[in-house]
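Read the structure below first, then the notes.
Protein chains: 2
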Amino acid sequence: MTHDREQTGLRERKKARTRQALVAAALRLFAERGFDAVTTEEIAAEADVSQRTLFRYFASKEEIVLSVHDQIEEGFRLKLAARPAEEHPFTAMVNAFADAWSELEPADVAAQLQVLRISNDSSRLHGARQERVCSHQNRLALLIARRAGVDPRLDPRPELLTAAFTSALQVAFGRSCRAAGQDNLLEAVDECLALLPTALTADWDTANTPAHTSTPDADGQILPVGG
Amino acid sequence: MTHDREQTGLRERKKARTRQALVAAALRLFAERGFDAVTTEEIAAEADVSQRTLFRYFASKEEIVLSVHDQIEEGFRLKLAARPAEEHPFTAMVNAFADAWSELEPADVAAQLQVLRISNDSSRLHGARQERVCSHQNRLALLIARRAGVDPRLDPRPELLTAAFTSALQVAFGRSCRAAGQDNLLEAVDECLALLPTALTADWDTANTPAHTSTPDADGQILPVGG
DNA sequence: AAGATTATGGCAGCAACTGACACTTGGCAA
DNA sequence: TTGCCAAGTGTCAGTTGCTGCCATAATCTT
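Note that the protein sequences, when read in sequence, are chains A and B. In terms of our numbering, the first sequence opens at residue -1 and continues consecutively. In terms of our numbering, the second sequence opens at residue -1 and continues consecutively.
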């Protein structure tokens, strides 16, 4: 990712630059006016290419945004595959998530957050993103099944675990976007992943509410999850 | 639902009939040729209305299919609100699901299954459905929060619980559709909902695999969920 | 430098929608 | 019953996402 200048030819460099320009233009315009209020022709004009070229780089308007989202999902799967096999599947996913985000550069982090914000703007885009998350989750399930040595077609638990994990992440993303603060995403994720197992099992409608529920302005981490 | 003939006027009856004809035509055509291969004009022609009229009844092509899906989600929320307050939130949702499906007529059950099958056919439709599921899950979270007496903006557990529950349902739906048999949906749901809590917590990568994992052709219910 | 490969642009066209307008139909009261 | 008003419908034009086709221009190879 650092110096592939001499490896690739001019053609590939140009393509990468065009693609990058399209993504940058799209994200900026979407953030300014919202996903639905920006046409593909405007994005293409902003990146100094024709609309036809835009659709040669991205299969759809949503794809431009989702391509950014794909980066971190792919990184997450790579990190998961690299986690030691002794770890519990859930722990491995929690740590893989932290690994993937920790190696992002600040600009990439900002792009990811912007994608989350933009996704909440349009129901069309949100649906497309959900579908991506779904197929990502399916690939996660295969990784988990292989790691645990079970047949994913007989045992539903890999799918169930990854589905619960992924949806907890979505909850954290949603809450983080809804909150006024901007850089609380990691904390929201930590909190949600820590609460997920107990939310299912414990009798939380009676007494043992989590500590911060009664003290909403606690700013410390609820439970450290990183490795 | 049985005899509202004398309550409503001719105008409303006509509207209901048109709407029903559109849904029936769409489902049939989609099942025959796939969601993407059917145009809205064809659906309109099949229901003897103009394309413009179709879009006065449904906001989008996906909406025609999703309107069927909405019925059961709405029924589910009604049943959940009717469950006794003493039940654990998770148990209440499991029972509400069974309640909602048990009161469906056979034709409605068939329609729901067809919707699931059609949804897997098109990525666009699948994304739209996921988005519906998402907003449904948000409303579920509000119901659960009220039932448990917690503030959903401070306590993420209602969202987490409903997200995990909903995604477990999706897993069950997907597995049921992928399976060769046709009427195993309820069993798949029972199995997934029963396995969900343990999939998160227990060390299932070592020993305690569920009973039917080694005996895939067990046909009994894994765990009764009804009330 | 010439030829092969590949990226790009322009254009026509399809399908999902939408707004505007005219027309028909059902509901309701004089 | 008659007549008026509201509501449903069809037609048409137009926008937008997206694709196939072909000509052109840029890059790579030899």
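Positions of the beta carbon are idealized from the N, C-alpha and C atoms, including for glycine.
- How many angstroms separate the CA atom of residue 91(B) from the CA atom of residue 9(B)? Cα to Cα, residue 91(B) sits roughly 38 Å from residue 9(B).
- Straight-line Cα distance separating residue 37(B) from residue 43(B): The alpha-carbon atoms of residue 43(B) and residue 37(B) are separated by roughly 10 Å.
- Does residue 174(B) have its Cβ less than 8 Å from a Cβ in chain A? Put simply, the CB of residue 174(B) is far from chain A, with every gap to its CB atoms at 8 Å or more.
- Query: Just to confirm, are residue 67(A) and residue 107(A) a CB contact at a threshold of 8 Å?
  - Reply: The answer is no: Cβ separation not under 8 Å.
- State the Cα-Cα distance for the pair residue 85(A) and residue 165(A), rounded to the nearest angstrom. Here the alpha carbon of residue 85(A) sits roughly 21 Å from the alpha carbon of residue 165(A).
- Please classify residue 86(A): does DSSP put it in a helix, a strand, or coil? Coil.
- Using a beta-carbon distance below 8 Å, is residue 112(B) in contact with chain A? Not one chain A Cβ lies under 8 Å of residue 112(B).
- Item | Nearest candidate by alpha-carbon position, reference residue 78(A), set 115(A), 65(A), 130(A), 99(A) | The shortest Cα separation from residue 78(A) among 115(A), 65(A), 130(A), 99(A) belongs to 99(A).
- Compute the Euclidean distance between the alpha carbons of residue 172(B) and residue 50(A), then round it to the nearest angstrom. Distance between residue 172(B) and residue 50(A), taken at the CA atoms: about 36 Å.
- Query: Taking 8 Å as the CB-CB cut-off, is residue 189(B) touching chain A?
  - Reply: Yes, contact with chain A.
- Query: With 16 other CB atoms within 10 Å as the buried threshold, where does residue 82(A) fall?
  - Reply: Exposed: under 16 other Cβ atoms inside 10 Å.
- Message: Quick check on the burial criterion: 16 or more other C-beta atoms within 10 angstroms. Buried or exposed for residue 104(B)?
- Response: Its Cβ having fewer than 16 others within 10 Å, residue 104(B) is exposed.
- Item | For residue 136(A), the first and last residue of its enclosing alpha helix (DSSP H) | Segment 121 to 146, the alpha helix (DSSP H) holding residue 136(A).
- Query: In angstroms, rounded to a whole number, what distance separates the CA positions of residue 61(A) and residue 125(A)?
  - Reply: So the alpha carbons of these two residues sit roughly 12 Å apart.
- Message: Using a Cβ-Cβ cutoff of less than 7 Å, which residues in the same chain neighbour residue 194(A) once the five nearest sequence positions on both sides are dropped?
- Response: Excluding the 5 residues flanking it on each side, residue 194(A) has same chain C-beta neighbours closer than 7 Å at 162, 166, in chain order.
- Message: With H, G and I counted as helix, E and B as strand and the rest as coil, what does DSSP make of residue 95(A)?
- Response: Correct three-state label for residue 95(A): helix.
- Message: Quick check on residue 125(B) - is its C-beta less than 8 Å from some C-beta in chain A?
- Response: Closer than 8 Å to the CB of residue 125(B) there is at least one CB belonging to chain A.
- Message: So with CB distances below 9 Å, who are the chain A contacts of residue 119(B)?
- Response: For residue 119(B), there are no C-beta contacts with chain A under 9 Å, since the nearest C-beta of that chain is about 13 Å from it.
- So is residue 128(A) in contact with chain B if we call contact Cβ pairs under 8 Å? True, the Cβ-Cβ gap to chain B drops below 8 Å.
- Can you list the residues of chain B that residue 51(A) reaches, using a CB-CB cut of under 9 Å? The CB of residue 51(A) never comes closer than 9 Å to any CB in chain B; the least such distance is about 23 Å.
- Task: Note down, in chain order, each residue of its chain lying with its Cβ closer than 6 Å to the Cβ of residue 12(B), except the 5 sequence neighbours on either side.
- Result: Contacts found: none.
- Task: Would you identify the three-state DSSP class for residue 81(B), choosing helix, strand or coil?
- Result: Looking at residue 81(B) - three-state DSSP - the assignment turns out to be coil, as it is neither helix nor strand.
- Task: Using 10 angstroms around the beta-carbon of residue 209(B), count the other beta-carbons present and answer buried if the total reaches 16, otherwise exposed.
- Result: Note that residue 209(B) scores a pLDDT of 45, beneath 50, so its modelled location is shaky and nothing firm can be said.
- Item | Sub-8 Å separation of residue 141(A) and residue 75(A) beta-carbons | Yes, Cβ-Cβ distance for residue 141(A) and residue 75(A) is below 8 Å.
- residue 202(B) versus residue 7(B) - alpha carbon distance: Taking the straight line from one Cα to the other gives about 60 Å.
- Task: Using a cut-off of 9 Å between C-beta atoms, extract the partners of residue 201(B) located in chain A.
- Result: The contacting residues are 86.
- Task: Starting from residue 21(B), trace the alpha helix (DSSP H) both ways and give me its first and last residue.
- Result: Residues 8 to 31.
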